[in-house]
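Chemist:
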Amino acid sequence: MAVETRVLDDDCVPISGWARTSPTLARVRRPRGSAEVAAALRAGDPRGALARGLGRAYGDAAQNAGGTVLDMTGLTRILAFDAAAGLVVCEAGVSLHRLMTALLPRGFFLPVTPATRYVTAGGAVATDVHGGNHPGAGSFARHVVALDLLTPDGEVRTAVPGTPLFDATTGGLGLTGIVLTVTLRLLRVETSLLSVDTERVRDLDELMARLAGPPPRRDADGAPPPYEIARIDPLARGAAMGRSVLVRARHAPYEALPRRHRARRAPLAFRPVRLPAPPPYVPGGPLGRTVLGLAGEFRHRAGPRRSTGRLRPLSAVLHPFDALPHGNRLYGPEGFVPYRCAVPYGQEEALCRIVRRIAARRFPALPAVLTRFGEAGPGWLSYPLPGWSLGLDLPTGLPGLAAFLDALDEEVLGAGGRVQLAADSRVRPDAVAAMFPRLADFRALRAALDPGAVLRSDLSRRLAL
Amino acid sequence: MKDAFGAPQSLLVLGGTSAIGLATARRLIARRTRTVLLAGRPSPALSAAAASLRPLGAQVRTVPFDALDTASHEERLGAVFAAGDVDLVLLAFGVLGDQARDESDPAAAVRVAQTNYTGAVSAGLVCAGALQAQGHGSLVVLSSVAAERARRADFIYGSSKAGLDVFAQGLGDALYGTGVHVMVVRPGPVRGGRAAEPFATTPEAVAGAIELGLRRRSETVWVPGALRVVGSALRHVPRPLFRRLPV
Ligand SMILES: Cc1cc2nc3c(=O)[nH]c(=O)nc-3n(C[C@H](O)[C@H](O)[C@H](O)COP(=O)(O)OP(=O)(O)OC[C@H]3O[C@@H](n4cnc5c(N)ncnc54)[C@H](O)[C@@H]3O)c2cc1C
Ligand SMILES: NC(=O)c1ccc[n+]([C@@H]2O[C@H](COP(=O)([O-])OP(=O)(O)OC[C@H]3O[C@@H](n4cnc5c(N)ncnc54)[C@H](OP(=O)(O)O)[C@@H]3O)[C@@H](O)[C@H]2O)c1
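Pasting the structure below:
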């Protein structure tokens, strides 16, 4: 059999995830509407096709080596908005940033937002994103009323909650179909500010004690569920191991604004800060141990020991990294490896061991983020489970990192936890079935829906999803 | 697929009994490699090599492949890629020859040249095309320090490796931006176990350098690393002086 050589053209470009590891080549199509999406899928690339949003998935979830990638960011229409019902219908390529810009002035916000606004509605569904308000709000899928899904057979199906197709698609990493439109239930807000409580926490024991109570849920008075995020300094050691800053925030009602406050006049203004981006090429290692250690030290000491009720723009609290476009470049050409793991409640011992192991290595890294999850959503491959979620980004070049993360996986597996597939770029394939008990159902649904394996990604190849 | 650290899941070794090839396979099986294809001239040694890797936890198959039979490369290697993606191709075959004999036996010298250069050009191009079609993967080419500068003691071998080295560099540039990565590895003398000579190395050390180079997506790797400086320095030594150096 002779090798079939592909003729490269201008549409063939190397693609990687946000962490910029393992780039692969794909033919990128940028459809402008559903009809063009369907046509691109019908074209029948022998190496399959895959939808891609804004490429914020860290690993290889939105890559398809040698095949077709459908850049969905050309589908940008907001199709309908119903203020009375609090519903919006938008095309899959609309970014959450765009939705916020359009909806905040009208008194609505997204019920769930990941730590970046620059993700598409389709990507948010396909990775079933969560935010710091998970215990009360659940993940993205909980607020999706319906999806229009182009399935591999060329049909457009409407998937609604409670059906296997919906459960497989939310968190399904684009492998069950291409999301064309999303109908989303919105959150009513009175201001674009959050009322923020910040606490400095001395060490890991104190942090666990602070977080020991029942996770914050929707308040009795019907106020939106609060956000809760702990940032652990990964370079603190000895007695300070696990020292962190605990942030709790809730949407500020209009009454809560002080009399003279600027925001009284424009309570719903949305003007997030954007700094200039770093240059495209940054040599490896500016984020060294010294710089990050000092930054961590500074952050910890400069922050107030305790402050309550500070009013802050919600973008500054919920999407801190969005202020620096292309922040991923700071890791240099080798990129970074995100580690996102969840362990169930009752397995705090394992969680502490993981934090301790990380601290012992004194990795030069930005703070690790610890949040709590509430009830799991319906998504078969969704990340959240009732428990704790820990996230940390590490430069790829750290010596022994691959084996170290494998060892953390063992802790996570032993505790009945899992890693986040949308962030993964390295987990051992045979660990995935144990982490996601519904994987067999997912595979069976795909086999039935997509016998020719039309939809494929590098992630699906690597982990045999 | 390779993971974030460049660790491949499937590996094709051209020159399936090569000491460096097998050391690399062992190292990568300890990471993520689960499929290994050992391509080489069928022999008990090739079967034994496959058998030695299986207990480590990989599926190992042998593929008949003769570097000198370039007419068969397209078909033989094409079949390998048709059966599934290959994340890493390790071009590890090569013969050292016997300089003293080869100088008086042109036919033997030609065999060295054809194996190391012609055979590698043919197999390299076939694999490069297949890797490009799958949109990902690495081609690691084992060159040698001997390729850096002609030496009295091994210039027949050295010239064949120099040709291969330049070919692989050019191929790497041609494939830049296609998702396929080409890495040239230049080991010093490789000795099993003992490393008495300066800049001698072991198959295991070369394997380690390959693993690191995959992670960094390096284009050129010297083993040991210090050879990079020495090699570059030697390149600029004037010939009258170089002739007299004991290298
Ligand atoms: C700084 C930062 C912070 C983050 N914080 C969080 C967080 O707090 N919580 C969280 O859950 N995640 C978080 N993420 C991950 C990110 O939110 C998700 O990966 C998100 O899905 C990315 O959306 P995207 O539009 O960029 O999708 P892409 O990265 O382009 O694609 C992600 C997946 O979605 C699929 N997909 C995209 N569009 C469609 C479509 N139209 N139809 C079907 N499938 C589709 C792709 O095939 C791929 O599998 C963060 C990422 C970054 C970079
Ligand atoms: N050893 C060193 O000191 C050194 C130093 C620098 C670079 N290198 C290079 O590194 C590579 C691997 O070295 P090594 O020490 O691992 O080699 P090795 O153990 O000597 O093995 C050489 C391999 O090449 C194969 N081979 C030779 N002729 C072939 C042909 N016509 N068709 C197919 N396969 C053929 C051999 O297969 P058979 O079993 O069938 O013979 C064997 O598998 C070689 O390219 C070598 O030149 C070696």
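Sequences listed follow chains A and B, in order. If you're matching positions, the first sequence starts at 1 in our numbering and goes up one per residue. If you're matching positions, the second sequence starts at 1 in our numbering and goes up one per residue. Every residue gets a Cβ at the ideal spot worked out from N, C-alpha and C, and that includes glycine.
Beta-carbon within less than 8 angstroms of residue 461 (chain A)'s beta-carbon, same chain only, minus the 5 sequence neighbours each way: which residues are those?
Modeler: In the first sequence, the residue the question calls residue 461 (chain A) occupies position 461. Excluding residues within five positions, the ones whose Cβ falls inside 8 angstroms are 65.
Chemist: Rounding to the nearest angstrom, what Cα-Cα distance links residue 28 (chain A) and residue 21 (chain A) in this structure?
Modeler: Position 28 of the first sequence, counting from 1, holds the residue named residue 28 (chain A). Position 21 of the first sequence, counting from 1, holds the residue named residue 21 (chain A). The alpha-carbon atoms of residue 28 (chain A) and residue 21 (chain A) are separated by roughly 19 angstroms.
Chemist: Identify which residue in A:376, A:395, A:59 has its Cα closest to the Cα of residue 386 (chain A).
Modeler: For the purposes of this step, residue 386 (chain A) is identified with residue 386 of the first sequence, where counting begins at 1. Closest option to residue 386 (chain A), Cα to Cα, is A:376.
Chemist: I'd like to know whether the C-beta of residue 136 (chain B) is nearer than 8 angstroms to at least one C-beta of chain A.
Modeler: Locating residue 136 (chain B) in the second sequence gives position 136, counting from the first residue. Chain A contact via Cβ: present.
Chemist: Would you call residue 414 (chain A) buried or exposed, if buried means 16 or more other Cβ atoms sit within 10 Å of its Cβ?
Modeler: Here residue 414 (chain A) refers to the residue found at position 414 of the first sequence. Exposed: under 16 other Cβ atoms inside 10 Å.
Chemist: Quick one: is residue 11 (chain A) near chain B, going by C-beta distance under 8 angstroms?
Modeler: Numbered from its first residue, the first sequence carries residue 11 (chain A) at position 11. False, the Cβ-Cβ gap to chain B never drops below 8 angstroms.
Chemist: Against chain A, with Cβ distances strictly below 8 angstroms, would residue 170 (chain B) count as a contact?
Modeler: Here the question's residue 170 (chain B) lines up with position 170 in the second sequence. Cβ-Cβ to chain A under 8 angstroms: no for residue 170 (chain B).
Chemist: Just checking, does the region 351 to 365 of chain A make contact with the region 139 to 156 of chain A on the three C-beta pairs under 8 angstroms criterion?
Modeler: With the cut-off at 8 angstroms, the region 351 to 365 of chain A and the region 139 to 156 of chain A do not touch.
Chemist: Within 10 Å of its beta-carbon, does residue 251 (chain B) have 16 or more other beta-carbons around it, so buried, or fewer, so exposed?
Modeler: Outside the shown range of chain B, which is 1 to 247, sits residue 251 (chain B), and nothing can be said about it.
Chemist: With a floor of 3 residues, list each beta strand (DSSP E) that falls wholly inside the region 55 to 85 of chain B, ordered by position along the chain.
Modeler: Within the region 55 to 85 of chain B, the complete beta strand (DSSP E) runs of at least 3 residues are 59 to 64.
Chemist: In this structure, how does DSSP classify residue 339 (chain A) when only helix, strand and coil are distinguished?
Modeler: Within the first sequence, residue 339 (chain A) is the residue found at index 339, counting from 1. In the structure shown, residue 339 (chain A) sits in a strand (DSSP, three-state: E or B).
Chemist: Whole angstroms is fine: what's the gap from residue 1 (chain A)'s alpha carbon to residue 45 (chain B)'s?
Modeler: Numbered from its first residue, the first sequence carries residue 1 (chain A) at position 1. Numbered from its first residue, the second sequence carries residue 45 (chain B) at position 45. Caution applies to residue 1 (chain A), whose pLDDT of 40 falls short of 50 and renders its modelled position unreliable; the model cannot decide the point.
Chemist: Taking Cβ positions, are residue 126 (chain A) and residue 173 (chain A) nearer each other than 8 angstroms?
Modeler: For the purposes of this step, residue 126 (chain A) is identified with residue 126 of the first sequence, where counting begins at 1. For the purposes of this step, residue 173 (chain A) is identified with residue 173 of the first sequence, where counting begins at 1. In contact: residue 126 (chain A) and residue 173 (chain A) (Cβ atoms closer than 8 angstroms).
Chemist: Is any beta-carbon of chain B found at less than 8 angstroms from that of residue 304 (chain A)?
Modeler: Within the first sequence, the letter at position 304 stands for residue 304 (chain A). No, its Cβ sits nowhere closer than 8 angstroms to a Cβ of chain B.
Chemist: Taking the alpha-carbon of residue 41 (chain B) as reference, which of B:101, B:243, B:50 has the nearest alpha-carbon?
Modeler: Translated into positions along the second sequence, residue 41 (chain B) becomes position 41. Looking at the Cα atoms, B:50 is the closest of the given residues.
Chemist: Once DSSP output is grouped into helix, strand and coil, what is the label at residue 453 (chain A)?
Modeler: The residue given as residue 453 (chain A) occupies position 453 in the first sequence. Coil.
Chemist: Going along chain A, which residues have a C-beta under 8 angstroms from residue 178 (chain B)?
Modeler: Start at 1 with the first residue of the second sequence, and residue 178 (chain B) comes out as number 178. 8, 12, 14, 25, listed in chain order.
Chemist: Which residue wins for smallest C-alpha separation from residue 6 (chain B), given the options A:142, A:310, A:426?
Modeler: For the purposes of this step, residue 6 (chain B) is taken as residue 6 along the second sequence, with counting starting at 1. Taking only the C-alpha atoms, the option nearest residue 6 (chain B) is A:426.
Chemist: Is there a Cβ of chain A sitting closer than 8 angstroms to that of residue 251 (chain B), yes or no?
Modeler: What is shown of chain B runs 1 to 247, which leaves residue 251 (chain B) out entirely.
Chemist: Report the neighbours of residue 9 (chain B) on chain A: residues whose CB is nearer than 9 angstroms to its CB, in chain order.
Modeler: Stepping through the second sequence from its first residue, residue 9 (chain B) is reached at position 9. Simply 429, 461, 462.
Chemist: Our contact map puts residue 53 (chain B) next to residue 25 (chain B) with C-beta atoms below 8 angstroms; I'd like the distance itself, whole angstroms only.
Modeler: If you number the second sequence from 1, residue 53 (chain B) lands on position 53. If you number the second sequence from 1, residue 25 (chain B) lands on position 25. So it is a contact: roughly 6 angstroms between Cβ atoms.
Chemist: Any beta carbon from chain B within less than 8 angstroms of residue 297 (chain A)'s own beta carbon?
Modeler: Numbered from 1 along the first sequence, position 297 holds the residue referred to as residue 297 (chain A). So, not an interface residue.
Chemist: Is the number of C-beta pairs between the region 94 to 104 of chain A and the region 27 to 40 of chain B that are closer than 8 angstroms three or more?
Modeler: Contact fails: fewer than three Cβ-Cβ distances are below 8 angstroms.
Chemist: Does residue 410 (chain A) get closer than 8 angstroms to chain B when you measure Cβ to Cβ?
Modeler: Here residue 410 (chain A) refers to the residue found at position 410 of the first sequence. Not one chain B Cβ lies under 8 angstroms of residue 410 (chain A).
Chemist: Is the region 148 to 160 of chain A in contact with the region 180 to 197 of chain A, if contact means three or more CB pairs nearer than 8 angstroms?
Modeler: Cβ pair count under 8 angstroms is three or more, so yes.
Chemist: Output needed for residue 154 (chain A): all residues of its chain with C-beta closer than 8 angstroms, excluding positions within five of it in sequence on either side, in chain order.
Modeler: In the first sequence, counting from the first residue as 1, residue 154 (chain A) sits at position 154. Excluding residues within five positions, the ones whose Cβ falls inside 8 angstroms are 38, 41, 42.
Chemist: My output table needs one value for residue 237 (chain B): the three-state DSSP class, helix, strand or coil.
Modeler: Taking the second sequence and counting its residues from 1, the one referred to as residue 237 (chain B) is at position 237. In this structure, residue 237 (chain B) counts as coil in the three-state DSSP scheme.
Chemist: Taking 8 angstroms as the threshold (C-beta atoms), are residue 58 (chain A) and residue 423 (chain A) in contact?
Modeler: For the purposes of this step, residue 423 (chain A) is taken as the residue at position 423 of the first sequence. For the purposes of this step, residue 58 (chain A) is taken as the residue at position 58 of the first sequence. Cβ atoms of residue 423 (chain A) and residue 58 (chain A): closer than 8 angstroms.
Chemist: Which residues bound the beta strand (DSSP E) around residue 251 (chain A)?
Modeler: By 1-based counting over the first sequence, the position of residue 251 (chain A) is 251. Here the beta strand (DSSP E) through residue 251 (chain A) covers 244 to 251.
Chemist: With a 10 Å radius around its C-beta and 16 neighbouring C-beta atoms as the bar for buried, classify residue 144 (chain B) as buried or exposed.
Modeler: For this step, residue 144 (chain B) is matched to residue 144 along the second sequence. It is buried - the Cβ of residue 144 (chain B) has at least 16 other Cβ atoms within 10 Å.
Chemist: Ligand 1 and residue 52 (chain A): does the residue's C-beta get closer than 7 angstroms to at least one heavy atom of that ligand?
Modeler: Within the first sequence, residue 52 (chain A) is the residue found at index 52, counting from 1. Residue 52 (chain A) Cβ: within cutoff of ligand 1.
Chemist: Which whole-angstrom value is the C-beta distance of residue 247 (chain A) and residue 317 (chain A), which I expect to be below 8 angstroms?
Modeler: Position 247 of the first sequence holds residue 247 (chain A). Position 317 of the first sequence holds residue 317 (chain A). Yes, residue 247 (chain A) and residue 317 (chain A) are in contact; Cβ-Cβ is about 7 angstroms, under 8 angstroms.
Chemist: Tell me whether residue 134 (chain A) is buried or exposed, calling it buried when 16 or more other Cβ atoms sit within 10 Å of its Cβ.
Modeler: If you number the first sequence from 1, residue 134 (chain A) lands on position 134. Flag for residue 134 (chain A) reads buried.
Chemist: Would you give the residue range spanned by the alpha helix (DSSP H) that residue 62 (chain A) belongs to?
Modeler: Counting from one through the first sequence, the residue named residue 62 (chain A) turns up at place 62. Premise fails: residue 62 (chain A) is in no alpha helix (DSSP H) and is neither H nor E.
Chemist: What are the start and end residues of the alpha helix (DSSP H) that includes residue 197 (chain A)?
Modeler: Looking up residue 197 (chain A) in the first sequence gives position 197. First-last for residue 197 (chain A): 193 to 201, but that is the beta strand (DSSP E), not the alpha helix (DSSP H).
Chemist: If you drop the 5 nearest sequence neighbours on each side, which residues of the same chain put their C-beta closer than 7 angstroms to that of residue 16 (chain B)?
Modeler: The sequence position of residue 16 (chain B) within the second sequence is 16, counting from 1. Contacts found: 38, 39, 40, 46, 49, 62.
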